[in-house]
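Protein chains: 2
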Amino acid sequence: MLKNKIKEKLKENGYKLTDQRKAILEVLIHHEHQFLTAEEIYTRVKKDLSQINFSTVYRNLEILEKIDMLHKINLEDKPSQYEIILHHDHHHHVICKDCGKTQPIHFCPLKQILNSLEDEDFTLTEHKFELYGYCSNCTKKKK
Amino acid sequence: MLKNKIKEKLKENGYKLTDQRKAILEVLIHHEHQFLTAEEIYTRVKKDLSQINFSTVYRNLEILEKIDMLHKINLEDKPSQYEIILHHDHHHHVICKDCGKTQPIHFCPLKQILNSLEDEDFTLTEHKFELYGYCSNCTKKKK
DNA sequence: GTTAGTGCAAATGATTTGCACCGAA
DNA sequence: TTCGGTGCAAATCATTTGCACTAAC
Chain Z
4 MLKNKIKEKL KENGYKLTDQ RKAILEVLIH HEHQFLTAEE IYTRVKKDLS
54 QINFSTVYRN LEILEKIDML HKINLEDKPS QYEIILHHDH HHHVICKDCG
104 KTQPIHFCPL KQILNSLEDE DFTLTEHKFE LYGYCSNCTK KKK
Chain S
4 MLKNKIKEKL KENGYKLTDQ RKAILEVLIH HEHQFLTAEE IYTRVKKDLS
54 QINFSTVYRN LEILEKIDML HKINLEDKPS QYEIILHHDH HHHVICKDCG
104 KTQPIHFCPL KQILNSLEDE DFTLTEHKFE LYGYCSNCTK KKK
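As given, the protein sequences belong to chains Z and S, one line each in that order.
Heads up, the first sequence is in our numbering, so the first residue is 4 and it goes up one at a time.
Heads up, the second sequence is in our numbering, so the first residue is 4 and it goes up one at a time.
Given below as structure tokens:
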């Protein structure tokens, strides 16, 4: 069920399509719009491919990030979390601190601020705009 | 040279004023507007207080963060970085990826976006808006 | 005197790496 | 056949913890 676009992108970059890689991608696609930790990915992949190793997961996540197929974030005092990128429009996220579910925000604050910074010292290369909170599901669970 | 406000804040919260704590604070104050790693802080403190231990540094950073005297960030694939908070106006940062130097931005994108999100699923609790790049010094060095 | 703080050494948790073997192209 | 990929075990790196001792209040 792996999307052709993805297969092509891997090929283009000289990466092979192994069972492990396929299984990892299946999990990521199945959890589109949700940040998962490496461990959560590993556990889910293991259900299909019981022999898979943790380092294989890490190595693949690194590769996928490098070719812009994966969005990696670092929340305070938590392991890194990953979300697959299937659409390349520039956007930011609201992120549930419990379950990692995300919701895109099609608003970028950078535009509002660029003018006032142009005469300053810094050469900008990246920016981060992330909103955190609890999704309705996790809010309910807490009660 | 430790500011009285700081001493008071520690006292208020039931924390003692040890030499180690003072030395850590001196370093942090001396590097206001600059994010330092725990290791950088440790190394600098060690110059004054050679017997200080790494875990003392970590324990104090944790305490300072808890009482809102310290801003902690997690950059991708780097150890956490810390910056002392001497003024409590809400603001964000431009951060130099080389030297950790920061520049405050007195603009918060949250206000622009709150209305459009109010009818959504998420209960917001925090947000992050950070700009990354290179300060003029580090830009020059690169050439 | 009491309680928080410290140094030290060992533990933990996430992630990375070396190496010999394996399998996709 | 040739590299890239994998599993395994060991290493690494940042951070935390248990414990006995110490010092601030």
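Even glycine gets a Cβ: it sits at the ideal position worked out from N, Cα and C.
Values in this document were obtained by computation on a predicted structure and should not be read as measured data.
Figure out for me which residue from K50(S), E79(S), E133(S), Y61(S) has the closest Cα to the Cα of L73(S). Translated into positions along the second sequence, residue 73(S) becomes position 70. Minimum Cα distance to L73(S) is reached at Y61(S).
Please name the residue or residues paired with V97(S) in a DSSP beta bridge. The residue labelled residue 97(S) in the question sits at position 94 within the second sequence. In DSSP, V97(S) forms a bridge with Q106(S), L134(S).
Proximal chain Z residues relative to Y135(S), where beta-carbon distance stays under 8 angstroms: Within the second sequence, the letter at position 132 stands for residue 135(S). The contacting residues are L127, T128, E129, H130, K131.
For P112(S), return the contacting residues in chain Z, with the cut-off set at a CB-CB distance below 7 angstroms. As a first step, residue 112(S) must be located in the second sequence, where it is residue number 109. In chain order: P112, Q115, F132.
Is there a Cβ of chain S sitting closer than 9 angstroms to that of K100(Z), yes or no? The count along the first sequence starts at 1 and reaches residue 100(Z) at position 97. It does; some Cβ of chain S falls within 9 angstroms.
Member of K104(Z), S139(Z), K69(Z), P112(Z) whose CA lies at the smallest distance from the CA of G17(Z): On the first sequence, residue 17(Z) is found 14 positions in, with the first residue counted as 1. Nearest option by C-alpha distance: K69(Z).
Considering H33(Z), what are the terminal residues of the alpha helix (DSSP H) in which it resides? Taking the first sequence and counting its residues from 1, the one referred to as residue 33(Z) is at position 30. Counting along the chain, the alpha helix (DSSP H) containing H33(Z) begins and ends at 22-33.
Chain Z within 9 angstroms of D71(S), Cβ atoms only: Within the second sequence, numbered from 1, the residue matching residue 71(S) stands at position 68. Taking Cβ atoms only, chain Z never reaches closer than 9 angstroms to D71(S), which makes this a no.
What are the complete alpha helix (DSSP H) segments, minimum 4 residues, inside the region 33-91 of chain Z? 41-51, 57-69
So, does the CB of I108(S) fall closer than 9 angstroms to a CB anywhere in chain Z? To locate residue 108(S), count along the second sequence from 1; it is residue 105. Chain Z, which has a Cβ nearer than 9 angstroms to the Cβ of I108(S), makes this yes.
For a test of the three-state rule: what should DSSP assign to L113(S), helix, strand or coil? Counting from 1 along the second sequence, the entry for residue 113(S) is found at position 110. The answer is helix: DSSP assigns L113(S) an H, G or I state.
Does L5(S) come out as helix, strand or coil in the three-state DSSP assignment? Mapped onto the second sequence, residue 5(S) falls at position 2. Three-state result, L5(S): coil.
For a cutoff of 9 angstroms on Cβ pairs, would you count D124(Z) as touching chain S? For the purposes of this step, residue 124(Z) is taken as residue 121 along the first sequence, with counting starting at 1. Yes - at least one Cβ of chain S is within 9 angstroms of the one on D124(Z).
Going by other Cβ atoms of all chains shown within 10 Å of its Cβ, with 16 needed for buried, is I63(Z) buried or exposed? Taking the first residue of the first sequence as 1, we reach residue 63(Z) at position 60. Note that residue 63(Z) is Asn in the sequence shown here, rather than Ile. With 16 or more Cβ atoms within 10 Å of its Cβ, N63(Z) is classed as buried.
Going by DSSP, name the residue or residues bridged to E129(S). As a working mapping, residue 129(S) is identified with position 126 in the second sequence. Answer is Y135(Z), bridged to E129(S).
So the candidates are L134(Z), L13(Z), D101(Z), D22(Z); which of them puts its Cα closest to the Cα of L39(Z)? Along the first sequence, one-based indexing puts residue 39(Z) at 36. When each option's Cα is compared against that of L39(Z), the closest is D101(Z).
Taking Cβ-Cβ distances shorter than 9 angstroms, what residues in chain Z pair up with V60(S)? The residue given as residue 60(S) occupies position 57 in the second sequence. Ordered by position in chain Z, no residue passes the 9 angstroms Cβ test against V60(S), which lies about 17 angstroms from the chain.
If we define contact as Cβ-Cβ less than 9 angstroms, is T40(S) a contact residue for chain Z? Against the second sequence, residue 40(S) aligns to sequence position 37. T40(S) does not count as touching chain Z.
Comparing C-alpha positions only, which one of L117(S), I116(S), C99(S) sits nearest to L134(S)? To locate residue 134(S), count along the second sequence from 1; it is residue 131. Comparing Cα-Cα distances from L134(S) to each of L117(S), I116(S), C99(S), the minimum goes to C99(S).
C-alpha gap between I88(Z) and H95(Z), whole angstroms: In the first sequence, the residue the question calls residue 88(Z) occupies position 85. In the first sequence, the residue the question calls residue 95(Z) occupies position 92. Approximately 12 angstroms between the Cα atoms of the pair.
Could you name the residues of chain Z that T21(S) contacts, counting a contact when the two beta carbons are closer than 8 angstroms? Taking the first residue of the second sequence as position 1, residue 21(S) is located at position 18. Ordered by position in chain Z, no residue passes the 8 angstroms Cβ test against T21(S), which lies about 25 angstroms from the chain.
Sequence-distant residues of the same chain with beta carbon closer than 6 angstroms to E86(Z), five excluded per side: As a working note, residue 86(Z) is residue 83 in the first sequence. The answer, listed in chain order, is F38, H74.
Answer yes or no: do H36(Z) and T142(Z) have a C-beta to C-beta separation smaller than 9 angstroms? Along the first sequence, read from residue 1 onward, the residue named residue 36(Z) stands at position 33. Along the first sequence, read from residue 1 onward, the residue named residue 142(Z) stands at position 139. Going by C-beta atoms, H36(Z) is not nearer than 9 angstroms to T142(Z).
Test: N77(S) CB closer than 9 angstroms to a CB of chain Z: For the purposes of this step, residue 77(S) is taken as the residue at position 74 of the second sequence. Yes, N77(S) lies at the interface with chain Z (some Cβ there is under 9 angstroms from its Cβ).
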